[in-house]
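Protein chains: 2
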Amino acid sequence: MDAMLLPANKTCPIAGALAVLGQKWNLLLLREAFVGSTRFAEFQRIGIPTATLGARLEVLVEAGLLERQAYQEEGERTREEYRLTQAGRDALPILAALAQWGETHLDLGARPKVGFVSVSSGSSAHLEFVDENGKLVKADNVRVERAA
Amino acid sequence: MDAMLLPANKTCPIAGALAVLGQKWNLLLLREAFVGSTRFAEFQRIGIPTATLGARLEVLVEAGLLERQAYQEEGERTREEYRLTQAGRDALPILAALAQWGETHLDLGARPKVGFVSVSSGSSAHLEFVDENGKLVKADNVRVERAA
DNA sequence: CCCCCTGACTTTAAAGATCGAACCCAGGAT
DNA sequence: ATCCTGGGTTCGATCTTTAAAGTCAGGGGG
Numbered sequence: 001m002d003a004m005l006l007p008a009n010k011t012c013p014i015a016g017a018l019a020v021l022g023q024k025w026n027l028l029l030l031r032e033a034f035v036g037s038t039r040f041a042e043f044q045r046i047g048i049p050t051a052t053l054g055a056r057l058e059v060l061v062e063a064g065l066l067e068r069q070a071y072q073e074e075g076e077r078t079r080e081e082y083r084l085t086q087a088g089r090d091a092l093p094i095l096a097a098l099a100q101w102g103e104t105h106l107d108l109g110a111r112p113k114v115g116f117v118s119v120s121s122g123s124s125a126h127l128e129f130v131d132e133n134g135k136l137v138k139a140d141n142v143r144v145e146r147a148a
Numbered sequence: 001m002d003a004m005l006l007p008a009n010k011t012c013p014i015a016g017a018l019a020v021l022g023q024k025w026n027l028l029l030l031r032e033a034f035v036g037s038t039r040f041a042e043f044q045r046i047g048i049p050t051a052t053l054g055a056r057l058e059v060l061v062e063a064g065l066l067e068r069q070a071y072q073e074e075g076e077r078t079r080e081e082y083r084l085t086q087a088g089r090d091a092l093p094i095l096a097a098l099a100q101w102g103e104t105h106l107d108l109g110a111r112p113k114v115g116f117v118s119v120s121s122g123s124s125a126h127l128e129f130v131d132e133n134g135k136l137v138k139a140d141n142v143r144v145e146r147a148a
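From first to last, the protein sequence lines are chains V and B. Those letters in the first sequence? Residues 1 to 148, by UniProt numbering. Those letters in the second sequence? Residues 1 to 148, by UniProt numbering.
Dropping the structure here:
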């Protein structure tokens with residue numbers, strides 16, 4: 001990841017975000033957190049080796065995307081679980097954008113769709129570009145400008 | 001990346017997208033393509049080693065995000081440049097989501113902002129969640145559902 | 001006291017990915 | 001013929017991830 005933090009990349013929000021989110025497994029771990037996983041063993045369900053899981057949870061906590069919270073069940077010791085911070089929750093559009101792209105361009109076979117659901121209306125939600133006046137903008141009508 | 005394609009992950013659009021887009025450098029290369037880079041040497045500006053660049057461009061072409069096009073300048077040989085396909089262009093929300101997160105949560109220092117601009121209105125564009133009825137949904141009001 | 005169990009990690013060597021430096025290739029110009 | 005330029009490739013070193021084995025710690029039970 002260091003090589004991606006050249007002077008020019010260091011001020012680029014995309015490169016900066018990728019410095020932590022681009023590390024293997026991190027976005028899938030965040031997805032797990034979004035669907036409710038909190039415990040070490042729950043995060044293992046994505047198939048990540050435990051050594052990597054331990055290291056990644058540490059990275060996500062240090063980067064402020066997850067936080068540790070102590071919990072204790074009856075007859076059990078105090079343990080720690082991992083919960084999304086606001087910064088972690090703010091990564092939701094990244095996951096949604098990846099999901100949208102994957103749905104559109106990959107052959108994923110027959111399966112129930114993954115869902116991003118509006119809690120208040122109960123209907124599914126997807127990402128759109130919106131301009132400063134609140135108008136929808138088609139993605140093909142959005143240009144990326146490099147800072148000078 | 002293979003371990004991320006467990007049976008359960010294989011049908012997940014996020015994991016599937018990450019199988020190609022999650023590879024180091026690929027999203028930054030797409031960003032370069034969006035701002036107009038087409039040639040091998042132009043992509044090098046992100047600081048990627050040439051060996052990795054060669055391999056990555058091949059991956060992005062094979063995955064259908066970039067395509068090669070022959071070009072020839074006067075007095076020069078025929079060369080190939082790399083241009084976004086529709087699948088490549090459809091990755092724009094991913095870059096925008098990363099940029100939004102980076103802008104919000106990283107200390108990037110003083111610099112001109114990176115821009116996503118609506119071509120027709122000239123104003124900046126950002127991502128929002130929208131429900132099936134076209135209504136804006138706040139991200140904190142979006143729930144991620146795991147497929148059963 | 002010891003043992004067991006369970007969940008949460010850690011250790012270690014091997015495999016895989018990325019990198020830096022050197023190098024090669026090919027076509028056009030001289 | 002050589003030189004130049006752009007587009008790569010090769011290769012050994014370094015870093016990252018992995019699989020397998022292991023440790024740790026607290027609570028319960030004998």
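We treat Cβ as the ideally placed atom computed from N, Cα and C, and that holds for glycine.
Task: First and last residue of the uninterrupted alpha helix (DSSP H) at ALA97 (chain V) - done: Where ALA97 (chain V) is concerned, the enclosing alpha helix (DSSP H) stretches over 92–105.
Task: Where VAL137 (chain V) sits in the DSSP three-state scheme - done: In this structure, VAL137 (chain V) counts as strand in the three-state DSSP scheme.
Open item on the list: Can you tell me whether residue 170 (chain V) is helix, strand or coil according to DSSP?
Closed with: Coverage of chain V is limited to positions 1 through 148, which leaves residue 170 (chain V) absent and any answer about it impossible.
TODO: Would you list the residues sitting across from LEU84 (chain B) in a DSSP beta bridge?
DONE: In the DSSP output, where bridge partners are listed per residue, LEU84 (chain B) has B:LEU66.
Task: Beta-carbon neighbours of GLY54 (chain B), restricted to chain V and to distances below 7 angstroms - done: What GLY54 (chain B) touches in chain V: nothing, since even the nearest Cβ is about 16 angstroms away.
TODO: Alpha carbon to alpha carbon, how far is ARG79 (chain V) from LEU53 (chain B)? Give it in angstroms, no decimals.
DONE: Cα-Cα distance, rounded: 44 angstroms.
Open item on the list: Between the segment 58–73 of chain V and the segment 82–89 of chain V, can you find at least three pairs of beta-carbon atoms closer than 8 angstroms?
Closed with: Three or more Cβ pairs drawn from the segment 82–89 of chain V and the segment 58–73 of chain V lie within less than 8 angstroms of each other, which places the two stretches in contact.
- [ ] Give a yes or no on whether 8 angstroms exceeds the smallest Cβ distance from VAL59 (chain B) to chain V.
- [x] With a threshold of 8 angstroms between beta carbons, VAL59 (chain B) makes no contact with chain V.
- [ ] Let me know if TYR82 (chain V) comes out buried or exposed under the rule of 16 or more other beta-carbons within 10 Å of its beta-carbon.
- [x] Burial call: buried.
Open item on the list: Rounded to whole angstroms, what is the Cα-Cα separation between GLN44 (chain B) and ALA15 (chain V)?
Closed with: When the Cα atoms are used, GLN44 (chain B) and ALA15 (chain V) turn out to be separated by approximately 15 angstroms.
Open item on the list: Run through the DSSP bridge pairs and tell me what THR78 (chain B) is partnered with.
Closed with: THR78 (chain B) is bridged by DSSP to B:GLN72.
Task: Backbone secondary structure at GLU132 (chain V) - three-state DSSP - done: Three-state result, GLU132 (chain V): coil.
Task: Candidates B:SER118, B:GLN69, B:GLY115, B:GLU145, of which the one nearest PHE40 (chain B) by Cα - done: From the listed residues B:SER118, B:GLN69, B:GLY115, B:GLU145, the smallest Cα separation to PHE40 (chain B) is found for B:GLN69.
Task: Partner residues on chain B for THR104 (chain V), Cβ-Cβ distance less than 9 angstroms - done: Those within 9 angstroms of THR104 (chain V) in chain B are PRO13, ALA87, ASP90.
- [ ] Using 10 angstroms around the beta-carbon of GLY22 (chain B), count the other beta-carbons present and answer buried if the total reaches 16, otherwise exposed.
- [x] Around the C-beta of GLY22 (chain B), 16 or more other C-beta atoms lie within 10 Å, and the residue is accordingly described as buried.
Task: Distance, LEU6 (chain B) Cα to GLU76 (chain V) Cα - done: Answer to the nearest angstrom: the Cα atoms are 32 angstroms apart.
Open item on the list: DSSP three-state label for ALA33 (chain B), please.
Closed with: DSSP places ALA33 (chain B) within a helical segment (H, G or I) once states are collapsed to three.
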